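Notes follow the structure.
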Amino acid sequence: MDDRRIEEMLRESWSPEPPNGMKQRILQRNREELARQRSRRPAFRISRWKPLLASMAILFVILANVSDRAAQSRLAKMMDGRPANSAIAPCAAEGGLFARHRELQRMLTLSPGGGNSLNGLKGDDLL
Amino acid sequence: MEEREAGIAVGFGVITLRDRAETGEAALEQLYDEYARALFRYALSLLGSAEDAEDAVQDVFIRIARERRRLDGVRNPKAYLFAAARNAAYSILRSKRRRNEIADETHSSFHAQPAAEEPSAKALALRERFALLPVEQREVLALKIFEQMTFREIAKAVGASISTVASRYRYGIDRLRRALEED
Numbered sequence: 448m449d450d451r452r453i454e455e456m457l458r459e460s461w462s463p464e465p466p467n468g469m470k471q472r473i474l475q476r477n478r479e480e481l482a483r484q485r486s487r488r489p490a491f492r493i494s495r496w497k498p499l500l501a502s503m504a505i506l507f508v509i510l511a512n513v514s515d516r517a518a519q520s521r522l523a524k525m526m527d528g529r530p531a532n533s534a535i536a537p538c539a540a541e542g543g544l545f546a547r548h549r550e551l552q553r554m555l556t557l558s559p560g561g562g563n564s565l566n567g568l569k570g571d572d573l574l
Numbered sequence: 067m068e069e070r071e072a073g074i075a076v077g078f079g080v081i082t083l084r085d086r087a088e089t090g091e092a093a094l095e096q097l098y099d100e101y102a103r104a105l106f107r108y109a110l111s112l113l114g115s116a117e118d119a120e121d122a123v124q125d126v127f128i129r130i131a132r133e134r135r136r137l138d139g140v141r142n143p144k145a146y147l148f149a150a151a152r153n154a155a156y157s158i159l160r161s162k163r164r165r166n167e168i169a170d171e172t173h174s175s176f177h178a179q180p181a182a183e184e185p186s187a188k189a190l191a192l193r194e195r196f197a198l199l200p201v202e203q204r205e206v207l208a209l210k211i212f213e214q215m216t217f218r219e220i221a222k223a224v225g226a227s228i229s230t231v232a233s234r235y236r237y238g239i240d241r242l243r244r245a246l247e248e249d
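Keeping their order, the protein sequence lines are chains E and A. Once you know that position 83 of the first sequence is 530 in this note's numbering, the rest is easy, because the numbers rise by one and skip nothing. Once you know that position 28 of the second sequence is 94 in this note's numbering, the rest is easy, because the numbers rise by one and skip nothing.
Rendered as structure tokens:
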């Protein structure tokens with residue numbers, strides 16, 4: 448007897464069908480399973496990306512803060528270590544001008560015209 | 067929303083889990099209509115008891131509905147479903163063995179399952195011999211003979227190599243032939 452004949456005989460002898468109501472029982476069990484899943488599901492679901500994103504955001508804030516502080520301290524160091532006359536010193540510059548102005552005014556007051564004019568010129572015009 | 071999440075879309079022979087509004091229980095029903103009979107027959111050939119076979123098939127469908135997201139990558143749904151049925155059936159077999167519940171009822175349950183037509187005496191004897199085969203040979207024969215699966219598909223479903231599956235088939239069919247010749 449060849450293989451094919453044995454296969455055929457076996458097929459003829461046995462053709463079971465699922466029991467009655469199996470489909471309904473499966474669907475019912477599925478509904479119950481879904482209801483159980485829903486009741487177990489938390490209101491606020493945390494996906495695996497959310498903690499990662501949150502920690503990245505916190506890290507970003509910390510890094511920004513650290514970098515800001517570093518920049519500020521660098522700036523403070525630069526300000527504190529600067530020599531007083533190294534930059535433009537308007538008061539000091541103006542100081543010389545005023546001294547000349549005062550000297551001119553003094554000379555004008557000592558002059559015969561009473562210091563009101565010097566050959567038609569006022570003191571300010573000479574500056 | 068909940069219904070959408072419960073969806074199992076079945077289309078073009080591939081289980082996809084795109085959350086379509088129309089899927090859900092209807093998709094599970096469609097899957098059932100397509101595969102339940104074959105899965106039940108396979109589980110019955112392993113377990114020999116209609117009740118246990120139904121439990122195994124129920125496990126398969128409930129697991130599919132529960133773990134739908136994992137099914138996204140399933141390329142061969144038939145092999146996947148039979149592998150799932152096999153796992154469920156073996157799990158039942160193991161728990162029965164632990165409780166020493168495996169007995170001759172296996173064979174009587176085989177006999178209780180009706181055939182489409184009244185089988186000949188020879189066919190009945192063959193069915194009896196089939197029930198007595200080792201479970202590894204029985205499952206290969208069941209998948210090959212009743213589900214018309216190729217050795218490659220069977221190998222995927224049972225998690226064995228093609229040559230192992232082929233030799234199990236050979237041993238099984240030879241045993242049946244010898245039994246028929248003896249009778």
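Beta carbons: idealized from backbone N, C-alpha and C, even for Gly. Quick caveat, the model's predicted, so the values are computed rather than measured.
| task | Select from A:147, A:121, A:232 the residue whose C-alpha is nearest the C-alpha of residue 133 of chain A. | result | A:147
| chain E contact for residue 124 of chain A (CB, 8 Å cutoff) | Judged by the 8 Å Cβ criterion, residue 124 of chain A is in contact with chain E.
| task | Examine chain E for any beta-carbon lying closer than 8 Å to the beta-carbon of residue 113 of chain A, and answer yes or no. | result | No, residue 113 of chain A lies away from the interface with chain E (no Cβ there is under 8 Å from its Cβ).
| message | Would residue 448 of chain E and residue 189 of chain A be called neighbours here (beta carbons separated by less than 8 Å)? | response | no
| request: Along the alpha helix (DSSP H) that carries residue 187 of chain A, what are the first and last residues, could you check? | output: 187-198
| task | For residue 188 of chain A, go through chain E and note every residue whose CB falls closer than 8 Å to its CB, in chain order. | result | Going along chain E in sequence order, the residues near residue 188 of chain A (Cβ under 8 Å) are 456.
| message | Let's test the definition: count the other Cβ atoms within 10 Å of the Cβ of residue 518 of chain E and tell me whether it reaches 16, buried, or not, exposed. | response | It counts as exposed.
| Should residue 77 of chain A be flagged as near chain E, meaning a C-beta pair shorter than 8 Å? | Reliability of the predicted coordinates at residue 77 of chain A is poor, the pLDDT of 42 falling under 50, and no value is obtained from them.
| request: Could you spell out where the alpha helix (DSSP H) holding residue 99 of chain A opens and where it closes? | output: 91-113
| field | Interface residues of the region 451-477 of chain E facing chain A [CB-CB below 8 Å] | value | 453, 454, 456, 457, 458, 459, 460, 461, 462, 463, 464, 465, 466, 469, 470, 472, 473, 474, 476, 477
| field | Residues near residue 149 of chain A by beta carbon distance below 6 Å, same chain, minus five either side | value | 223
| field | residue 494 of chain E to residue 96 of chain A span [Cα, whole Å] | value | Distance from the CA of residue 494 of chain E to the CA of residue 96 of chain A, rounded to the nearest whole angstrom, comes to 31 Å.
| query | Quick one: what does DSSP say residue 143 of chain A is sitting in, helix, strand or coil? | reply | helix
| Nonlocal neighbours in the same chain, by C-beta distance under 6 Å from residue 155 of chain A, ignoring five residues either side | 109, 112, 113, 122
| task | Could you please tell me which residues of the region 91-105 of chain A, in chain order, have their CB closer than 9 Å to any CB of chain E? | result | 91, 94, 95, 98, 99, 102, 103, 105
| message | Counting only C-beta atoms, is residue 158 of chain A closer than 8 Å to chain E at any point? | response | no
| field | residue 170 of chain A versus residue 230 of chain A: straight-line alpha-carbon distance, rounded | value | For residue 170 of chain A, the predicted structure reports a pLDDT of 47, less than 50, and the residue's modelled location is therefore unreliable. A value from the coordinates is still provided. In a straight line, the C-alpha of residue 170 of chain A is about 28 Å away from that of residue 230 of chain A.
| said: Suppose you measure from the CA of residue 454 of chain E to the CA of residue 497 of chain E; what does that come to, to the nearest Å? | reply: 57 Å
| said: Taking the straight line between their C-alpha atoms, what separation do you get for residue 215 of chain A and residue 209 of chain A? | reply: 6 Å
| field | Sub-8 Å separation of residue 238 of chain A and residue 199 of chain A beta-carbons | value | For residue 238 of chain A and residue 199 of chain A, yes; Cβs fall inside 8 Å.
| query | Taking Cβ-Cβ distances shorter than 7 Å, what residues in chain E pair up with residue 228 of chain A? | reply | Under the 7 Å cutoff, chain E gives no residues; its nearest Cβ is about 17 Å from residue 228 of chain A.
| task | Taking C-beta pairs closer than 9 Å, name the residues in chain E that residue 220 of chain A reaches, listed in chain order. | result | Result: empty, since nearest Cβ-Cβ is about 14 Å, beyond 9 Å.
| query | Does the distance from the CB of residue 193 of chain A to the CB of residue 460 of chain E come in under 8 Å? | reply | It is a contact, given that the beta carbons lie within the stated cut-off.
| query | In angstroms, rounded to a whole number, what distance separates the CA positions of residue 98 of chain A and residue 483 of chain E? | reply | 22 Å
| Rounded separation between residue 83 of chain A and residue 138 of chain A - CA only | Its pLDDT being 43, under 50, residue 83 of chain A is placed unreliably in this model, and the coordinates cannot settle the point.
| request: Report back the beta-carbon spacing between residue 473 of chain E and residue 127 of chain A to the nearest angstrom; my notes put them in contact at under 8 Å. | output: 5 Å
| request: Flag residue 223 of chain A as yes if its beta-carbon sits less than 8 Å from any beta-carbon of chain E, otherwise no. | output: It does not: the Cβ of residue 223 of chain A has no partner Cβ on chain E nearer than 8 Å.
| field | Rounded C-alpha distance that separates residue 463 of chain E from residue 232 of chain A | value | 25 Å
| Would a C-beta distance cut-off of 8 Å place residue 39 of chain A and residue 207 of chain A closer than the cut-off? | A question about residue 39 of chain A goes unanswered here, because the residues of chain A that appear run from 67 up to 249.
| task | May I ask you to report which of helix, strand or coil DSSP gives residue 495 of chain E? | result | In this structure, DSSP gives residue 495 of chain E a state outside helix and strand, which the three-state scheme calls coil.
| request: Have a look at A:93, A:91, A:119, A:90 and flag the residue whose alpha-carbon is nearest the alpha-carbon of residue 469 of chain E. | output: A:119
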